[in-house]
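Peer 1: Quick note on full-length UniProt numbering: the sequence shown kicks off at 1 and runs consecutively.
First the structure, then my questions, so here it is.
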Amino acid sequence: MPDGIPLSRFNQAYSGPGRIGLWKEPSFILDLGGNLAVWCEPSDPASPHRSATPWMVLHGGPGGRLSAAHVAPLRQLGLPWFGFDQRNSGLSEDIDFSAIDTQRFIDDALQLADHLCIDRFHILGGSWGATLALALAAHAPQRVAGLVLRAPFIPWVPRVDAFIGELEQQDPALFKRAFRPGARGRSVFESVLSGSTAEQVLAVRVWNALEMGLLQWARPSTAIHLPDLTPDQQDALLRKYRLQAHFLMHGCFISTEQWVRDVEICATAAWPVAIIQGQKDRICPPGGAIFLSEMLPNSTLHLHADLGHLPDSSTMVQAVSQAVFQLLDV
């Protein structure tokens, strides 16, 4: 570890589940006015990069959770890392929506770094996690060593409306069952947040089914089927998409002007940015990554013709791992 980042603190924090069972329970729980589930792992003693600056890992969503796929590129290189399930996500505790916004997520991330005595870190974030990474880096640029952004999401109303339009095109008849034809933005999110219980359940089931269709590289040739769900699965979907609707309803709590200012701060920083984008990504299309790279002269854009959105393919893991490796030599 570099000076100021005690390995003993990192090893103590990573005392729980072991490398194989990492996702069955957190490394520890951190109470920040509501419990956060935290995972962290020290560098591999056999790694030539064992003294590297730690990596903060930010999952997507909002409403996703930290997974082995998110940290696989770092583990492949034997690098130290830490991350957490964001508020109302994964194994972290639910708190009232009135207390949740992007700044709360930024504060959580920095307080976790402080708890681990980590003064400076790289950030690896994908999709919404890349959006959060940019906001965090702009908020505390002195604490950042570099960014690796996978499939960055641009939190602008036209982009969100285009995403919902893509959902409708997947299966207009199914979309119509939960939302009015041509519904966008606020109308869709209100169905998830303030409809009757039955309306909310139908809305999140349809949203999820259509989104799963978007994750495929080709449009479905037949109507999309709504699978049967257990009560636990239904509750999990409600939890995930209610949080996502809360953020998207409010523009992810980042105005267009604030997002531009954040990117401008990152553009003038001394640290590098790597952007990894699959050209078959239908959730966060390549245009967003290309646009962002043009605004960041300190960035390198890596376009991959045969990759989609998800982080868990071996090809995506290799692509992210290569980008991480290149930042180690900067």
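No residue lacks a Cβ here, since even glycine has one placed at the ideal position from N, Cα and C.
For clarity, every value in this text was computed on a predicted model and none was experimentally measured.
1. Where proline 73 and threonine 53 are concerned, what is the direct C-alpha to C-alpha distance, given to the nearest angstrom?
2. Please classify glycine 213: does DSSP put it in a helix, a strand, or coil?
3. Of all the alpha helix (DSSP H) runs that stay within the bounds of the stretch 25–55, which reach a length of 4 or more residues?
4. I need the DSSP call for leucine 310, collapsed to helix, strand or coil.
5. My output table needs one value for leucine 77: the three-state DSSP class, helix, strand or coil.
6. Which residues mark the beginning and the end of the beta strand (DSSP E) in which leucine 134 is found?
7. Could you tell me the alpha carbon to alpha carbon distance between arginine 143 and serine 67, rounded to whole angstroms?
8. So what does DSSP say about arginine 159, is it helix, strand or coil?
9. Considering only residues of the stretch 174–245, which uninterrupted alpha helix (DSSP H) runs meet the minimum length of 4 residues and lie entirely inside it, listed in chain order?
10. Roughly how many angstroms lie between the CA atoms of leucine 296 and leucine 136, to the nearest whole one?
11. For threonine 300, which three-state DSSP category applies?
12. What's the call for glutamine 56, buried or exposed, on a 16-neighbour Cβ count within 10 Å?
13. Using only CA atoms, which one of Ala269, His122, Leu32 lies nearest to isoleucine 95?
14. Just to check my reading of the structure: proline 286 and leucine 303 have Cβ atoms closer than 8 Å, yes? What is that Cβ distance to the nearest angstrom?
15. Could you name the residues of the same chain whose beta carbon sits closer than 6 Å to that of isoleucine 275, not counting the 5 residues immediately before and after it, in chain order?
16. With H, G and I counted as helix, E and B as strand and the rest as coil, what does DSSP make of phenylalanine 84?
17. Isoleucine 106 lies in the alpha helix (DSSP H); which residues open and close that run?
18. Could you tell me the distance, in whole angstroms, from the CA atom of glutamine 76 to the CA atom of histidine 70?
19. Using beta-carbon positions only, say whether alanine 178 and alanine 162 come within less than 8 Å of one another.
20. Helix, strand or coil: how does DSSP classify threonine 122 here?
21. Using the beta-carbon count (16 or more within 10 Å), is glycine 4 buried or exposed?
22. Taking only the alpha-carbon atoms, compute the straight-line gap between phenylalanine 189 and arginine 50 and give it to the nearest angstrom.
23. When DSSP builds the beta bridges, which residues end up paired with valine 57?
24. So the candidates are Val320, Gly213, Ile106, Asp171; which of them puts its Cα closest to the Cα of isoleucine 254?
25. Any contact between the stretch 111–126 and the stretch 242–251? By contact I mean 3 or more CB pairs, one from each, below 8 Å.
26. Thinking C-alpha only, which one of Ile224, Val263, Asp306, Arg104 is nearest phenylalanine 291?
27. Is isoleucine 290 helix, strand or coil when you go by DSSP?
Peer 2: Let me lay it out:
1. Indexing the sequence shown from 1 puts residue 73 at position 73. Indexing the sequence shown from 1 puts residue 53 at position 53. Cα-Cα distance, rounded: 15 Å.
2. Taking the first residue of the sequence shown as 1, we reach residue 213 at position 213. Helix.
3. none
4. In the sequence shown, residue 310 corresponds to position 310, counting from 1. Here leucine 310 sits in coil by DSSP.
5. On the sequence shown, position 77 is the one that residue 77 refers to. It is coil, neither helix nor strand.
6. On the sequence shown, position 134 is the one that residue 134 refers to. Careful: leucine 134 lies outside any beta strand (DSSP E), inside the alpha helix (DSSP H) at 128–139.
7. Reading the sequence shown from its first residue, position 143 is the one you call residue 143. Reading the sequence shown from its first residue, position 67 is the one you call residue 67. Taking the straight line from one Cα to the other gives about 24 Å.
8. Position 159 of the sequence shown, counted from the start, is the residue given in the question as residue 159. Helix, per DSSP.
9. 185–194, 197–214
10. Here residue 296 is taken as the residue at index 296 of the sequence shown, counted from 1. Here residue 136 is taken as the residue at index 136 of the sequence shown, counted from 1. C-alpha separation (whole angstroms): 16 Å.
11. Stepping through the sequence shown from its first residue, residue 300 is reached at position 300. Residue state, collapsed to three classes: strand.
12. What you label residue 56 is simply residue 56 of the sequence shown in a count that begins at 1. Checking the displayed sequence, the identity of residue 56 turns out to be methionine instead of glutamine. Methionine 56 should be labelled buried.
13. Translated into positions along the sequence shown, residue 95 becomes position 95. Isoleucine 95 has its Cα closest to that of Leu32, out of Ala269, His122, Leu32.
14. Translated into the one-based positions of the sequence shown, residue 286 becomes position 286. Translated into the one-based positions of the sequence shown, residue 303 becomes position 303. About 7 Å; that satisfies the 8 Å criterion.
15. Indexing the sequence shown from 1 puts residue 275 at position 275. Result list for isoleucine 275: Leu149, Ala289, Ser293, Ser299, Leu301, in chain order.
16. What you label residue 84 is simply residue 84 of the sequence shown in a count that begins at 1. The answer is strand: DSSP assigns phenylalanine 84 an E or B state.
17. Locating residue 106 in the sequence shown gives position 106, where the first residue counts as 1. 102–115 is the extent of the alpha helix (DSSP H) around isoleucine 106.
18. Position 76 of the sequence shown holds residue 76. Position 70 of the sequence shown holds residue 70. Their Cα atoms are separated by approximately 11 Å.
19. Mapped onto the sequence shown, residue 178 falls at position 178. Mapped onto the sequence shown, residue 162 falls at position 162. It is not a contact, given that the beta carbons lie outside the stated cut-off.
20. What you label residue 122 is simply residue 122 of the sequence shown in a count that begins at 1. The residue you asked about is not threonine; residue 122 is histidine in the sequence shown. Strand.
21. Residue mapping note: residue 4 aligns to position 4 of the sequence shown, counting from 1. Only weak support exists for where glycine 4 lies, its pLDDT of 31 falling under 50; the value from the coordinates is given anyway. Answer is exposed; the Cβ neighbour count stays below 16.
22. Numbered from its first residue, the sequence shown carries residue 189 at position 189. Numbered from its first residue, the sequence shown carries residue 50 at position 50. When rounded, the distance between both Cα atoms is 45 Å.
23. Here the question's residue 57 lines up with position 57 in the sequence shown. Valine 57 is bridged to Gly83, Leu124.
24. Residue numbering aside, residue 254 sits at position 254 when the sequence shown is read from its first letter. Here the closest residue by C-alpha is Ile106.
25. no
26. Here the question's residue 291 lines up with position 291 in the sequence shown. Checking every option, the nearest Cα to that of phenylalanine 291 belongs to Val263.
27. Position 290 of the sequence shown holds residue 290. In this structure, isoleucine 290 counts as helix in the three-state DSSP scheme.
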